[in-house]
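Undergrad:
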Amino acid sequence: MIGAGLIGGGIYSQLPKENEELTAADKVMTGRHNGKKILNVNAKIIKPQLLKDEIQISGSLLPDEEVDLSFETSGKIVEINFEEGSFVKKGQLLAKVNDRPLQAQLQRLVSQLKLAEDRVFRQNALLERDAVSKEAYEQVKTELATLNADIDLIESNIAQTELRAPFDGVIGLRQVSVGTYASPTTIVAKLTKISPLKVEFAVPERYANDVKTGAGLDFTLEGKLNAFHATVYARESKIDPATHTLTIRALYPNTNGTVLPGRYASIKLNKDEIQDALAVPSEAIVPEMGKDKIFLYKSGKAQPIEITTGIRTEAEVQVLQGLQAGDTVITSGTLQLRTGLPVTLDAVN
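Under our numbering, the first residue of the sequence shown is numbered 10, with each subsequent residue one higher.
1. Output the boundary residues of the beta strand (DSSP E) element that contains Pro205.
2. Assign Lys150 to one of three DSSP states: helix, strand, or coil.
3. Opposite Phe237 in the DSSP bridges: which residues?
4. Give me, in chain order, the residues of the same chain whose beta-carbon lies closer than 7 Å to that of Leu260; leave out the 5 immediate sequence neighbours on both sides.
5. Thinking C-beta only, is Leu71 closer than 8 Å to Pro313?
6. Measure the alpha-carbon distance for Asn235 versus Asn218 and round it to whole angstroms.
7. Counting pairs of Cβ atoms below 8 Å between the region 158-178 and the region 83-102, do you hit three or more?
8. Between Val289 and Ile54, how many whole angstroms is the CB-CB distance? I'm expecting something under 8 Å.
9. Could you check which residue in Glu164, Thr222, Glu74, Gln58 has the C-alpha nearest to that of Ala113?
10. Could you pull the start and end residues of the beta strand (DSSP E) that Asn51 belongs to?
11. Can you tell me where the alpha helix (DSSP H) holding Ala174 begins and where it ends?
12. Can you round the beta-carbon distance between Glu63 and Lys277 to whole angstroms, since I take them to be within the 8 Å contact cut?
13. Taking the Cβ atom as the reference point for each residue, do Leu48 and Leu350 lie within a distance shorter than 8 Å?
14. My output table needs one value for Asp161: the three-state DSSP class, helix, strand or coil.
15. Run through DSSP, which three-state label would Ile320 get?
16. Within the continuous beta strand (DSSP E) that includes Val87, where are the two ends?
17. If the criterion is Cβ atoms closer than 8 Å, does the pair Gln132 and Val149 meet it?
18. According to DSSP, is Val97 part of a helix, a strand, or is it coil?
19. Would you kindly check if the distance between the Cβ of Gly181 and the Cβ of Lys202 is under 8 Å?
20. Asp355: buried (16+ other C-beta within 10 angstroms of its C-beta) or exposed?
21. Need the endpoints of the alpha helix (DSSP H) that Ala125 sits in, please.
22. As a quick exercise: from Gln284, Ala293, Asp336, pick the residue whose alpha carbon is nearest that of Ser308.
23. For a test of the three-state rule: what should DSSP assign to Ile361, helix, strand or coil?
24. By Cβ distance below 8 Å, which residues in the same chain neighbour Leu332 in space, the five residues on each side in sequence not counted?
25. List in chain order: all unbroken beta strand (DSSP E) runs of 3+ residues lying wholly within the region 240-312.
26. Where does Ile20 fall in DSSP's three states?
27. What are the boundary residues of the beta strand (DSSP E) that includes Asp355?
28. Measure the C-alpha to C-alpha separation of Glu81 and Ser192 and round it to an integer number of angstroms.
29. Is there at least one non-hydrogen atom of the ligand SAM closer than 7 Å to the beta-carbon of Gln65?
30. Label Asp35 either buried or exposed according to how many other C-beta atoms from any shown protein chain fall within 10 Å of its C-beta, with 16 as the threshold for buried.
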């Protein structure tokens, strides 16, 4: 009997109180309006804004110029005049192979040059006095020209023993040492021009006509918070039949040389910019029967309208018809909204 009393007076007597607390909590969360639930929602007041139609693609950074340095002739390396990883100027002497035999030949020819020039001078003087035939004069003149040609040839061969930088750039790790016998197939080091850098990427064929020469793009790199700006300067001559993409290149100045080639880049390519667009958050749109609609906040109630959409970004959708500047668009709880449902605005952007 005591147990039954405790049960009747202890537990069951508390149930009405608990039900009252649940009902009160439900009212706090949803509210009531003339017996109808009031839904708490967020909203956005529509204003004209700049809307960018962007393509998100990946690409890679390439050096403006890059070459494997090698000699034009064979021989033993006698000089290496660069530091690995350093910046070198165009025309700077980087390495040299033995040219002593060529220098000896050049010295011998140069020593004959003065005598040959004197012969031509004397024969010309004699020719003016008709003391020598014109054939004799032409003979010594030809010998002088041949000697100069031989000197030019030897000097060209000597130039081939010198390895010079073909452009300004950063030289990489050397692959040879002094004393190595080098041939034209021997790679001495790699020279890379990193200012500017090329940004190479490929766009699907449907966007091929949207990316013009001179168009700007932004790209980001892993580990870098700021974005980098580049300008499209060239397009491939045709669409790749295997991938159905068009390869495009842009230039990034890389003035201070802090960005290295070879990195992966995440690219935002601007297809179009609309200055005074009306746009709504993508979560505010409710697809229904092949059409799009949104809910407006009007006089404390949700009112649906059908809209025509334009371009889409990651977070927003352009509205071409059905929306006016100043309208308040409901952006949350869209799946619970119904025509004329009372709503309360929690936050308005």
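For glycine and all other residues, C-beta sits at the position ideal for the given N, C-alpha and C.
TA: Checking against the coordinates, here is how it stands:
1. Start at 1 with the first residue of the sequence shown, and residue 205 comes out as number 196. Run containing Pro205: 198-213, per the beta strand (DSSP E) assignment.
2. Translated into the one-based positions of the sequence shown, residue 150 becomes position 141. Note: Lys150 maps to helix in three-state DSSP.
3. The residue you call residue 237 lines up with position 228 of the sequence shown. According to DSSP, Phe237 bridges with Phe228.
4. On the sequence shown, position 251 is the one that residue 260 refers to. Hits under 7 Å: Pro205, Lys207, Ala239, Thr240, Tyr242.
5. On the sequence shown, residue 313 is found 304 positions in, with the first residue counted as 1. On the sequence shown, residue 71 is found 62 positions in, with the first residue counted as 1. Going by C-beta atoms, Pro313 is not nearer than 8 Å to Leu71.
6. Position 226 of the sequence shown, counting from 1, holds the residue named residue 235. Position 209 of the sequence shown, counting from 1, holds the residue named residue 218. Computed Cα separation, rounded: 29 Å.
7. yes
8. Locating residue 289 in the sequence shown gives position 280, where the first residue counts as 1. Locating residue 54 in the sequence shown gives position 45, where the first residue counts as 1. Not really, about 11 Å apart at Cβ, beyond 8 Å.
9. Residue mapping note: residue 113 aligns to position 104 of the sequence shown, counting from 1. Nearest C-alpha to Ala113: Glu164.
10. Your numbering for residue 51 matches position 42 in the sequence shown. Per DSSP, Asn51 belongs to the beta strand (DSSP E) from 48-54.
11. Here residue 174 refers to the residue found at position 165 of the sequence shown. Run containing Ala174: none; DSSP gives neither H nor E here.
12. The residue you call residue 63 lines up with position 54 of the sequence shown. The residue you call residue 277 lines up with position 268 of the sequence shown. That pair is a contact at about 5 Å.
13. Residue numbering aside, residue 48 sits at position 39 when the sequence shown is read from its first letter. Residue numbering aside, residue 350 sits at position 341 when the sequence shown is read from its first letter. Closer than 8 Å, so yes.
14. In the sequence shown, the residue the question calls residue 161 occupies position 152. Helix, per DSSP.
15. Taking the first residue of the sequence shown as position 1, residue 320 is located at position 311. Reduced to three states, the DSSP call for Ile320 is strand.
16. Translated into the one-based positions of the sequence shown, residue 87 becomes position 78. That run of the beta strand (DSSP E) goes 84-89.
17. As a working mapping, residue 132 is identified with position 123 in the sequence shown. As a working mapping, residue 149 is identified with position 140 in the sequence shown. Going by C-beta atoms, Gln132 is nearer than 8 Å to Val149.
18. Working through the sequence shown from its first residue, we reach residue 97 at position 88. Correct three-state label for Val97: strand.
19. Position 193 of the sequence shown, counted from the first residue, corresponds to residue 202. Position 172 of the sequence shown, counted from the first residue, corresponds to residue 181. The answer is no: Cβ separation not under 8 Å.
20. Mapped onto the sequence shown, residue 355 falls at position 346. Exposed, by the Cβ-count rule.
21. Numbered from 1 along the sequence shown, position 116 holds the residue referred to as residue 125. Counting along the chain, the alpha helix (DSSP H) containing Ala125 begins and ends at 109-137.
22. In the sequence shown, counting from the first residue as 1, residue 308 sits at position 299. Among Gln284, Ala293, Asp336, the Cα nearest to that of Ser308 belongs to Asp336.
23. Absent from the model: residue 361. The displayed extent of the chain is 10 to 358, so no value can be given.
24. Reading the sequence shown from its first residue, position 323 is the one you call residue 332. Once the five neighbours on either side are set aside, the close Cβ partners of Leu332 are Ile55, Leu287, Val289, Ile303, Ile314, Ile316, Val338.
25. 254-261, 273-286, 288-290, 295-297, 300-307
26. Your numbering for residue 20 matches position 11 in the sequence shown. Confidence at Ile20 is low in this model, with a pLDDT of 40, below 50, so the placement of that residue should be treated as unreliable; the coordinate-derived value is given next. Looking at Ile20 - three-state DSSP - the assignment turns out to be helix.
27. The count along the sequence shown starts at 1 and reaches residue 355 at position 346. First-last of the beta strand (DSSP E) with Asp355: 352-357.
28. Mapped onto the sequence shown, residue 81 falls at position 72. Mapped onto the sequence shown, residue 192 falls at position 183. Spanning the two alpha carbons is a distance of roughly 8 Å.
29. This structure lacks the ligand SAM; in fact it carries no ligand of any kind.
30. Walking along the sequence shown from the start, residue 35 turns up at place 26. Summary for Asp35: the model assigns pLDDT 46, below 50, so the residue's position carries little reliability, and this model does not support an answer.
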